[in-house]
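Colleague: My questions will all concern the structure given below.
Protein chains: 2
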Amino acid sequence: MNIGEASKASGVSAKMIRYYEETGLIPPAGRTASGYRVYSEQDVHMLRFIRRARDLGFTVDGISELLGLWRDQSRQSADVKRLALDHVADLRRKIADLEDMASTLEALARACHGNDRPDCPILSELEAPCAPTDGAPDRTGAINRFGRG
Amino acid sequence: MNIGEASKASGVSAKMIRYYEETGLIPPAGRTASGYRVYSEQDVHMLRFIRRARDLGFTVDGISELLGLWRDQSRQSADVKRLALDHVADLRRKIADLEDMASTLEALARACHGNDRPDCPILSELEAPCAPTDGAPDRTGAINRFGRG
DNA sequence: ATAGGCCTTCCCATGATGGGAAGGTCAAGA
DNA sequence: TCTTGACCTTCCCATCATGGGAAGGCCTAT
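Top line first, the protein sequences correspond to chains A and B.
Under my numbering, residues 4 to 152 are what the first sequence spells out, in order.
Under my numbering, residues 4 to 152 are what the second sequence spells out, in order.
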C-alpha cells in the first residue's frame with residue numbers, strides 16, 4: 004500500500020504521515036525500489052490509533068507516550084489512565100479559560116445597545132476596565148464587570 | 004517613554020509591541036535621533052486596549068477591527084456588538100469541541116481499572132472504536148465520537 | 001571612561017498543518 | 001511504444017502569537 008492509500012485508509016493526510024515519520028512518532032516506512040513508501044495493514048492500524056488520539060486533543064508528545072504504552076504488552080493500565088486524566092485536566096483548564104472569556108464578552112455584549120450610536124460598553128471596557136467585584140462575583144460576569152458608571 | 008517603559012505600563016512585551024508595529028496593527032512609533040522608539044500616554048492607552056482584547060481571546064485581526072471601531076468616532080455600536088458576538092460564537096464552538104474531548108476521555112478513564120494489569124479500555128477504544136451500542140444509550144457521548152473516522 | 005542596562009535589527013523556534021514547486025514513477029490507453 | 005495523468009519524492013514556505021538570543025549601538029550613573 005502506498006502513502007495515498009494508507010492516508011485514505013487511516014484518515015491521516017499523506018503530509019502528516021510523512022511528518023510523523025520525520026519527527027519519529029512512527030518508524031520509517033519501508034520503501035519500494037523506486038523510493039515510494041509502503042505501508043502494511045499494521046501500519047494503517049497504528050495511523051488510525053494516532054488519528055483517534057489526535058481527535059481527542061492529545062499532542063504529538065502525548066500520542067507518543069500512548070503509542071509506547073499501546074505497544075508495551077506489560078504496561079499498567081494505571082499509566083494509561085494517568086495520561087488520560089492529565090490530558091483531561093489540561094482540557095478542563097482550557098475550557099475554563101475560554102469560558103471566562105466568552106461569558107465576560109457575552110455580558111458586555113448584552114449591555115451594548117447594538118444600535119447606530121457610537122457609545123458602546125464593550126469598547127469602554129476594553130479602554131478602561133472596571134475592576135471585578137471582590138465578593139461573590141456573578142458567575143456569568145454579567146454584573147459589575149464593566150460599565151463606566 | 005521608550006519601549007521598555009511602554010511595555011511595563013501596558014503589559015504588552017517589547018517584542019510584541021515591535022511585532023504589532025511591524026504587522027501594521029499599530030502605527031510606527033516615533034523615534035529619537037538615535038533610533039529608539041518613543042511612546043506617548045496615548046500609545047500606552049492603545050497598547051492596553053490591545054492587551055485586554057487579547058486577554059479576551061481576540062485574534063490580531065479581530066483586534067485590528069476593534070481598534071478601527073474604537074478610533075472611529077462615528078462608529079455604530081451594533082458593529083462592535085456583532086464583532087463581539089461573532090467571537091463569542093467562536094469561543095463557544097471551541098469550548099464545545101474541548102468539552103466533547105474531555106467528557107469522552109473522562110468516560111473512558113472511568114472505565115479503566117487503573118491498576119497494574121495491561122488491559123485498558125482507553126487503549127482499546129483508540130485501537131478499535133466501539134460501534135454505537137444499540138441498547139442502553141451512552142449518556143456521556145463517549146462511545147460515538149469515534150465512529151466514522 | 002567604563003560598566004551594565006537599555007535599545008536596535010535580524011534570525012530562529014514553537015506545533016500541527018497545509019500549499020506548492022520541481023522532478024521521478026507508474027499504470028492505463030492509443 | 002509513447003503519452004497522459006495521477007501518483008510519489010524532497011524541499012521550501014506560511015500559518016499565529018510569542019519568545020530566545022546574538023551582534024552591535026546608546027545612555028546614564030558612577
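Ideal placement from N, C-alpha and C gives every residue a C-beta, glycine not left out.
With a threshold of 7 Å between beta carbons, is LYS18/A in contact with chain B?
Modeller: It does not: the Cβ of LYS18/A has no partner Cβ on chain B nearer than 7 Å.
Colleague: Suppose you measure from the CA of SER16/B to the CA of SER10/B; what does that come to, to the nearest Å?
Modeller: If I take the Cα positions, the gap works out to 5 Å.
Colleague: Which residues, taken in chain order from the segment 88-119 of chain B, show a beta carbon closer than 7 Å to some beta carbon of chain A?
Modeller: Close to chain A, meaning a Cβ-Cβ distance shorter than 7 Å, are the following residues of the segment 88-119 of chain B: LEU88, HIS90, VAL91, LEU94, ARG95, LYS97, ILE98, LEU101, GLU102, MET104, ALA105, THR107, LEU108, GLU109, LEU111, ALA112, CYS115, HIS116, GLY117, ASN118, ASP119.
Colleague: What residues in its chain sit with their C-beta under 7 Å from that of ALA112/B, if we drop five residues either side in the sequence?
Modeller: ILE125, listed in sequence order.
Colleague: Taking its Cβ as the centre, do 16 or more other Cβ atoms sit within 10 Å of ASP75/B, making it buried, or is it exposed?
Modeller: It is exposed - the Cβ of ASP75/B has fewer than 16 other Cβ atoms within 10 Å.
Colleague: Can you give me the start and stop residues for the alpha helix (DSSP H) that ARG78/B sits inside?
Modeller: From DSSP, ARG78/B is part of no alpha helix (DSSP H); its letter is neither H nor E.
Colleague: Please list, in chain order, all residues of the same chain as ASN5/B whose beta carbon is under 6 Å from its beta carbon, the five residues on each side excluded.
Modeller: TYR39
Colleague: Can you give the Cα-Cα distance for LEU94/A and ALA110/B, rounded to whole angstroms?
Modeller: Each residue's Cα considered, the two are about 14 Å apart.
Colleague: Is any heavy atom of the ligand MG found at a distance shorter than 6 Å from the C-beta of ALA110/A?
Modeller: No copy of the ligand MG occurs in the structure displayed, which carries no ligand at all.
Colleague: Sorted by chain position, which residues of the same chain lie with C-beta nearer than 6 Å to TYR22/B's C-beta, five sequence neighbours on each side aside?
Modeller: Cβ neighbours of TYR22/B within its own chain (closer than 6 Å, five residues either side excluded): none.
Colleague: Can you pull the chain A residues whose beta carbon is under 7 Å from the beta carbon of ARG55/B, in chain order?
Modeller: LEU129, PRO132
Colleague: What is the DSSP secondary structure of ARG54/B, reduced to helix, strand or coil?
Modeller: helix
Colleague: According to the neighbour-count rule (16 or more other Cβ atoms, all chains shown, within 10 Å of its Cβ), is ASP46/B buried or exposed?
Modeller: The residue is buried, with at least 16 neighbouring Cβ atoms inside 10 Å.
Colleague: Who are the neighbours of GLN2/B on chain A, taking C-beta pairs under 8 Å?
Modeller: This structure gives no information on residue 2/B, because the portion of chain B shown stretches from 4 to 152.
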